[in-house]
Amino acid sequence: MEVSLDDLEVLEPDAEVLLEFLTRMEFRSLTKRIADGLGVAAPVLPDTDPRGAAPVGQDLPAMPPIDRSAYSVVRDAETLQGWIAQAMARGEVAIDTETTGLNEMTADLVGVSLATGPNMACYIPLIHKAEAGEGLFGSDALAPGQMALEAALALLKPLLEDASVLKILQNAKYDVKILARYGIDVAPIDDTMLMSYAMNAGLHGHGMDALAERYLGHSPIPIKDLIGAGKSQITFDRVKIDAAAPYAAEDADVTWRLWKTFKPQLHGAGVTTVYETLERPLVPVLARMEMAGIKVDRDVLSRMSNAFAQKMAGLEAEIHELAGESFNVGSPAQLGEILFEKMGLPGGQKGKTGKYATPADVLEDLATEHDLPGRVLDWRQLSKLKSTYTDALQDHINPDTGRVHTSYVIAGANTGRLASTDPNLQNIPVRSEEGRRIREAFVADQGKVLVSLDYSQIELRILAHIAGIEALKQAFREGQDIHAATASEMFGVPLDQMTSDVRRQAKAINFGVIYGISGFGLARNLRIPRAEAQGFIDRYFDRFPGIKDYMEETKAFAKSNSYVQTLFGRKIHTPEINAKGPGAGFAYRAAINAPIQGTAADIIRRAMIRMEAAIDGLPARMLLQVHDELLFEVDEGAVDPLIARAREVMEGAASPAVHLDVPIVVDAGQGPNWAKAH
DNA sequence: CATCTCACG
DNA sequence: ACGTACGTGAGATGC
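Be aware that the first sequence starts at 1, since it is given in my numbering, and climbs by one per residue.
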């Protein structure tokens, strides 16, 4: 079966038939690309992936269609007690919270919905505002017919904290954090988003609306229908209860149905252990880290911002002088015109939008020809630091806590890594000296110290283990500088005669291998001829033959299974791996990388999940995760025991599930701020 | 809202 | 012949 985009011209008259056929044949990604190319919508058919959740209506407990008219509004204690009794009797209940915003640290709870079965759902409005003319005290008065917040929560708390009643949520961390601020510690939980992620990472997204459409054949009421969008958007407490109730109850109903769908399929998908040991237990851990936040010194950021602004103004004047005209330095389009048209500098490449591309590596090359590109690079660095860090971070300081509270996305990265948003605290500058100073604004609270522990070369260690590279494993066992050892093995340079340049090249190759190396990519990274780069790769494969075998075996596995796995059984689906065309190359390299990056992600997840018990009793909190680093805040007197316990947990995190042939090593640092601790 | 650019591991 | 390093999130520009 070979279908390429080139065939489309011929087939276009029957495009709909073709697209439906491809969809039924499960060539989803290809179907989507063709549909996009034709500018038509891809047909939506029930999911039929045997590795994922079952198709709509097949092997499922019979569920009646969603009937919003069956939902009810709970307005008094007696009715609420009836719902709670039913939830207790069943031992499981789906929960959803409605709030005034997306930020769990600042949003207020507006209402709670419960579902105990299909169409058996209710909404408990709590602080909806009265409509104009409805209340005595204007628009801030509460609408009538709502239980008092405290009274409702007092009744709900025992249910939500009852160890014998499973609470089913979609994106549980959000609701767990909201309810934690009202003194409720929701447990135990299941999370349909994380079930979907464990089964189908790489296949599709895991948001509720997408899951409802895919697995229930149902489109929930869009939130925009209630609160609008853009400037005129209102908060949920301004939505009429009669409109809010079907929306909110539906979300609980859908969550319950998704759970009923996914729960029996985890085992068949082979990811029960992944879900139960790497996904679900992370929810309360991350919730506590996010609520703890990290103290950020606004004055430090403010001073740096002013200094950056001054330097930028000076650079901008110089740039305009060098260009002979005034233009927006922040506009790549305008800069490209100046560099490649007006000044006639070489190497101008136009992107798909017909404009010149001016990425840093191009400007670095041009810096040998003219002064202007170098000034632009300096300006860009300052612009980035100012806008993304010194300015934007200040807006994220919570006025109540004086701290910055990021939010981790558990089901975002396909490999099992976390992502950090609002703000992203996983990309705070560190590589440049000027940038690193941003970290001086991340400080320990009074009497405390920041402690950073990070895995040393974890991905290379995992590669050495998975691919069985004896020379690499031995180097790690001997505690050698791994890039120098690689360089020595490849180029025959004795370790005591190693130069920084040879080591740098070996380092680039080591990273390249993790990324699914290509001659082209290595050549570009090292700025050497492609043939020379290919020579390096050939030599690497020659000296470390296990690497080549690993790459070939991984590719073959991905091709026949359409997924790859981490050492802990996490599955990362690679649906594009058998596609014809350019997508296959990306999928191939992603398939090489995913088991390595994903295993490292699994290991630090295991460490985080065990960490709280391990440091229990110490005056210390885990604050941040940055892929291979954990950052703690600890009382000054407890630094040493914290480091000892945290290191033990991190270094032993793979055990006992997986035995690694290489030692796992964790480095530690401490200081009054993140710059010093790292 | 897409694109470009750049911050991190 | 062609085009490629893996995984992310966010701000500014400009359609």
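Every residue gets a Cβ at the ideal spot worked out from N, C-alpha and C, and that includes glycine.
Under three-state DSSP, which class holds residue i?
i: Ala668; result: strand
i: Met490; result: helix
i: Tyr71; result: coil
i: Asn673; result: strand
i: Gln446; result: coil
i: Asp49; result: At Asp49 the pLDDT is 38, less than 50, meaning the model places this residue with poor confidence; the figure from the coordinates comes in the next sentence. Note: Asp49 maps to coil in three-state DSSP.
i: Ile682; result: Absent from the structure is residue 682, since the part of the chain shown begins at 1 and ends at 678.
i: Lys224; result: helix
i: Glu26; result: Note that Glu26 scores 31 on pLDDT, short of 50, meaning its location in the model is unreliable and no value can be drawn from it.
i: Ala148; result: coil
i: Val93; result: strand
i: Lys555; result: helix
i: Gly117; result: strand
i: Ile66; result: coil
i: Lys240; result: coil
i: Leu142; result: strand
i: Lys129; result: strand
i: Ile615; result: coil
i: Ile609; result: helix
i: Ile397; result: strand
i: Gln582; result: Checking the sequence, you will find Pro at residue 582 rather than Gln. Residue state, collapsed to three classes: coil.
Using the C-alpha atoms, what's the distance from residue j back to residue i?
i: Tyr515; j: Ala367; result: 29 Å
i: Val409; j: Ala419; result: 5 Å
i: Arg570; j: Asp454; result: 22 Å
i: Arg295; j: Asp422; result: One point to set straight first is that residue 295 is Lys, not Arg, in the sequence displayed. For Lys295 and Asp422, the distance between alpha carbons rounds to 15 Å.
i: Leu226; j: Ala244; result: 7 Å
i: Ser326; j: Pro332; result: 14 Å
i: Gly519; j: Ala531; result: 7 Å
i: Ala675; j: Ser500; result: 25 Å
i: Ala601; j: Thr390; result: 29 Å
i: Ala668; j: Phe568; result: 26 Å
i: Phe262; j: Val186; result: 21 Å
i: Ile95; j: Ser113; result: 6 Å
i: Leu618; j: Glu651; result: 19 Å
i: Leu631; j: Tyr563; result: 33 Å
i: Leu372; j: Pro529; result: 27 Å
i: Ala143; j: Met63; result: 35 Å
i: Asn593; j: Asn510; result: 12 Å
i: Gly585; j: Ala591; result: 10 Å
i: Ala533; j: Gln381; result: 29 Å
On the DSSP bridge assignment, give the partners of residue i in chain order.
i: Gln81; result: For Gln81, which the question treats as bridged, DSSP gives no partner whatsoever.
i: Thr421; result: Ser407
i: Met622; result: Phe632
i: Tyr563; result: His573
i: Tyr455; result: Val666
i: His190; result: Sequence inspection shows Asp at residue 190; the His mentioned does not correspond to that position. Note: Asp190 sits in a beta bridge opposite Ile168.
i: Thr99; result: Leu109
i: Ile514; result: Ile514 is not bridged to any residue.
i: Tyr356; result: Lys350
i: Val296; result: Phe442
Whole-angstrom Cβ separation of residue i and residue j, contact assumed at under 8 Å?
i: Glu612; j: Lys448; result: The Cβ separation is near 18 Å, so there is no contact.
i: Ile596; j: Ile466; result: 7 Å
i: Lys177; j: Met291; result: 6 Å
i: Lys473; j: Val666; result: Incorrect: roughly 18 Å between the Cβ atoms, too far for contact.
i: Lys386; j: Ser305; result: 6 Å
i: Gly91; j: Leu166; result: 6 Å
i: Leu258; j: Gln170; result: 7 Å
i: Gly598; j: Gly412; result: 13 Å between Cβ atoms; not a contact.
i: Arg68; j: Pro246; result: 4 Å
i: His396; j: Met105; result: The Cβ separation is near 10 Å, so there is no contact.
i: Glu131; j: Lys240; result: 7 Å
Measuring only from the beta carbon, is residue i closer than 7 Å to any heavy atom that is part of the ligand MN?
i: Val254; result: What this structure holds is no ligand at all, so the ligand MN is not there to describe.
Review point. Touching or not, the stretch 498 to 514 and the stretch 569 to 580, by the rule of three or more beta carbon pairs under 8 Å?
Key: no
Check your understanding: Touch check for the stretch 311 to 318 and the stretch 366 to 386: three-plus C-beta pairs under 8 Å?
Key -> yes
Check your understanding: Any chance the stretch 204 to 218 sits against the stretch 246 to 254, with 3 or more Cβ pairs inside 8 Å?
Key -> yes
Review point. Any contact of the stretch 545 to 557 with the stretch 477 to 485, i.e. 3+ C-beta pairs under 8 Å?
Key: no
Point to revise | Stretch-stretch touch, CB-based, cutoff 8 Å, three pairs: the stretch 118 to 127 with the stretch 71 to 87 | key: yes
Review point. Are the stretch 147 to 160 and the stretch 261 to 278 touching, with three or more C-beta to C-beta distances below 8 Å?
Key: no
Exercise for review: Evaluate the contact criterion for the stretch 277 to 292 versus the stretch 213 to 223: three or more CB pairs, one atom per stretch, below 8 Å.
Suggested key: no
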